[in-house]
Every structure is written in structure tokens, then in C-alpha cells.
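Contents: one structure, followed by commentary.
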Amino acid sequence: MPWLQFAVCALLIGYAGQALTRYAAIISQLTGLSASWIGLILLSAATSLPELFTGVSAVTVFDTPDIAVGDALGSCVLNLGLLVALDALSRDESVYCRVDQRHVLTAGFGIILIGLVGLAILTVGTGIDVTFFHVSAYTPLVILLYFVAIRATFVHERQLAIIAPPVETEDGIGLKQAILRYLAAAIVVGIAGSLLPYIGMQIATMTGWHQSFVGTLFIAMATSLPEFVVIVSALRRNAADMAIAALLGSNLFDVLVIAIDDIAYFGGSIFANVSPAHAASALAGVIMSGIFIVALLYQPRNRFFGHFSWVSLSLLSIYFLSAYVIYLHDF
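If you read the sequence shown in the numbering used here, its first letter stands for residue 27, the second for the next number, and so on.
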């Protein structure tokens with residue numbers, strides 16, 4: 027039964043995810059905002075709703091902060107791993123040769139935010155912790171940096187004159203219609219995506235895995251399904267920049283989710299109540315973001331087996347290595 031429920035949710039996400047991409051592209055055309063900006067804000071927020079709902083429920087209802095942090099950081103690493111799928115689906119040339127280099131700014135902020143969470147886990151774990159009531163001092167800093175990242179990206183695009191004049195769409199859909207349909211699709215993705223972790227937990231508990239490993243690997247895979255559907259749909263619409271921006275924006279939002287989880291968790295600082303193994307996920311996210319930046323600037327053209335660049339192989343290696351480290355730590 028859980029597998030059937032999982033399949034139904036996946037189908038709903040697949041259908042709604044394609045609609046999300048379509049109406050996000052229409053909103054981009056009608057407002058003049060770039061595909062990257064739309065991906066960074068609209069698509070990333072919609073596809074990250076499962077992480078938000080999962081994290082808050084994990085710390086408030088089930089008292090499992092390891093699941094919350096593992097899901098958020100695991101999703102960050104998995105999102106960067108999804109770049110491998112984008113690269114493989116980009117048949118003519120590597121996806122890194124097709125997208126704009128301005129994504130370096132978002133990836134750079136991702137390194138800062140993910141690295142800050144990793145630092146918080148390690149330092150608080152050693153007893154160095156400052157809290158305001160039950161909230162860690164790192165939390166307001168994470169929230170501040172998230173909004174700084176969003177504003178900096180907007181200002182950067184405006185300086186590059188990327189905000190183009192609005193244009194008419196071919197199918198005649200107005201801005202109000204596009205926004206309403208986008209919101210409807212986002213609600214479907216949010217609800218179906220939020221059910222996936224609970225279904226996933228039913229399946230995962232049969233294996234007897236520990237919470238940090240389950241959150242980092244299995245639940246993160248479940249909550250990242252919307253991102254996968256959206257980026258594939260965006261690439262098929264020849265909107266690679268929107269796909270990349272959605273992934274990088276999801277990483278920023280996922281780190282913000284950890285801060286929200288800390289506020290919602292009344293058992294003390296969330297960083298003091300999770301396994302230090304999560305720092306491995308944070309470190310993997312930092313390294314993979316660095317590899318992405320190098321690839322974006324270097325633009326590799328050689329591909330193995332006609333589908334994978336050395337960048338993809340490196341990203342896969344780091345992803346599986348981090349998962350193995352967490353597995354060893356838990357077992």
C-alpha cells in the first residue's frame with residue numbers, strides 16, 4: 027500500500043510540476059523578469075514546500091530534529107546531484123556550456139549558507155552555543171543571509187539589464203491567469219510532496235535505518251522529487267537557466283528551512299540536538315557547489331559515454347561518499 031501511495035503522489039507531482047514550469051515561464055514573459063529570477067524565487071519556493079512541511083512537522087509533532095536537518099541538508103546535496111541528470115539530458119553539449127555564468131552568485135551564497143550550517147553543527151556539538159530563549163544565535167544570521175542573497179541576485183540582474191520589457195505570450199494567457207494557475211500547481215506539488223516523507227518513513231522503517239541516515243538519504247530523495255520533475259520539464263522547454271536557478275534557489279530555501287525548524291523546535295537549539303554526521307552533508311554541499319562554479323566558468327566540453335562530463339562524475343562521487351560517511355557513522 028505505501029508503494030501505491032508513493033506512486034500516486036509521484037504522478038501528481040509529475041503533472042503539476044510540468045504546469046509549474048509552464049506558468050512560471052509565462053509569468054517571466056509577461057513581467058519581463060528573467061527565467062533565472064523566476065526559477066530562483068517562484069520555482070524554488072514551490073518545490074521546497076515539502077522540505078518546509080516535513081521539517082516543521084518533524085520537530086513539532088514527532089520530535090525528530092535529525093529527520094528535519096537531514097532532510098534539508100540531504101536535499102541540498104541531492105539538488106546538486108541532480109545537475110548530473112541535467113547534464114545527461116543535455117544531448118548536444120554540456121549543460122554548463124548552455125547556461126549563464128551569473129549563477130555563480132547564487133552558488134556562492136549557497137556555499138556561505140550551507141557552510142554556516144555545517145559550522146553551527148560542529149561548534150554547537152562541542153558545547154560552543156549561544157541561544158536566545160531556545161533559538162540558536164546562528165538562526166537569525168542564516169535568515170539575514172538568505173534575504174541578502176535574494177536581494178543581491180535581484181540587484182545583480184538589474185545591473186546587467188536582464189529584466190526585459192514584458193512581451194505577449196503565444197497562448198494568450200494573462201498575468202492574473204498565469205499566477206492563479208501557478209499557485210494551483212504549487213498547492214498540488216506542496217500537498218503531494220509533503221505526503222511523500224510520511225509514506226517514505228513507512229517504507230524506510232522496515233529497514234531499521236537510523237534517523238539521520240533516513241532523513242539525509244530516503245526522505246531527502248522523496249522531498250526532492252518536485253525539483254527533479256521541474257528541472258526536467260524546464261530543460262525540455264529549453265529553459266536550462268530556469269532549471270539551474272530553481273536548483274540553486276532550492277538550496278538557499280532549504281537552509282532557510284533549517285532556521286525555521288530551529289524556531290519551531292522548543293527542545294533547545296536544533297544544532298545541539300542533531301548528529302554531527304550532518305556536517306558531512308554540509309561539507310559535501312560546499313564542495314559540490316564549488317565544483318559547479320568551476321564547471322560554470324571552465325565550461326567542460328569533453329563527455330564520457332556521450333552523456334557525462336568530468337563534472338558529473340565528480341558530483342556523483344561526492345554525493346555517494348557523503349551518504350556512505352553518514353551510513354558508517356550511524357551503523
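We treat Cβ as the ideally placed atom computed from N, Cα and C, and that holds for glycine.
A quick note: this is a predicted structure, and the numbers were derived from the prediction, not measured.
Local conformation of residue i per DSSP, three classes
i	result
residue 157	strand
residue 116	coil
residue 292	coil
residue 254	helix
residue 88	coil
residue 241	In this prediction, residue 241 scores a pLDDT of 48, lower than 50, which makes its location untrustworthy; no coordinate-derived value is stated.
residue 219	helix
residue 346	helix
Spatially closest choice to residue i from the options, by CA coordinates
i	options	result
residue 108	271, 147 and 296	271
residue 278	175, 329 and 302	175
residue 64	212, 77, 50 and 128	50
residue 393	32, 95, 348 and 334	Residue coverage of the chain in this structure runs from 27 to 357, which leaves residue 393 outside it and unanswerable.
residue 116	342, 299, 345 and 259	259
residue 30	261, 148, 221 and 184	221
residue 348	309, 337, 263 and 323	309
residue 315	283, 275, 293 and 285	275
residue 86	283, 162 and 293	293
residue 168	32, 130 and 283	283
residue 255	218, 225, 224 and 285	218
residue 103	326, 266 and 253	253
residue 311	157, 265, 213 and 345	345
residue 113	247, 343 and 326	326
residue 137	336, 343, 328 and 318	318
residue 301	246, 328, 352 and 141	352
residue 111	307, 303 and 273	273
Residue interval of the alpha helix (DSSP H) (run including residue i)
i	result
residue 143	129–151
residue 43	28–57
residue 314	304–324
residue 61	61–64
residue 182	164–185
residue 73	70–73
residue 249	246–249
Exposed unless 16 or more other CB atoms sit within 10 angstroms - verdict on residue i
i	result
residue 48	buried
residue 55	buried
residue 36	buried
residue 231	exposed
residue 105	buried
residue 330	exposed
residue 74	buried
residue 58	exposed
residue 70	buried
residue 78	buried
residue 12	Beyond the ends of the chain as shown, which are 27 and 357, falls residue 12; an answer cannot be given.
residue 42	buried
residue 89	exposed
residue 339	exposed
residue 135	buried
residue 150	buried
residue 66	buried
Residue i versus residue j - alpha carbon distance
i	j	result
residue 208	residue 354	42 Å
residue 93	residue 80	8 Å
residue 290	residue 296	9 Å
residue 250	residue 125	22 Å
residue 298	residue 203	46 Å
residue 216	residue 201	22 Å
residue 144	residue 199	44 Å
residue 173	residue 350	33 Å
residue 45	residue 101	22 Å
residue 163	residue 153	13 Å
residue 34	residue 27	11 Å
residue 288	residue 280	13 Å
residue 91	residue 170	22 Å
residue 133	residue 96	20 Å
residue 305	residue 213	32 Å
residue 210	residue 76	15 Å
residue 119	residue 341	18 Å
residue 139	residue 262	30 Å
residue 337	residue 182	26 Å
residue 266	residue 83	33 Å
residue 148	residue 98	17 Å
Any non-hydrogen atom of the ligand SAM closer than 7 Å to residue i Cβ
i	result
residue 314	Within the structure as shown, the ligand SAM is missing, as the structure has no ligands at all.
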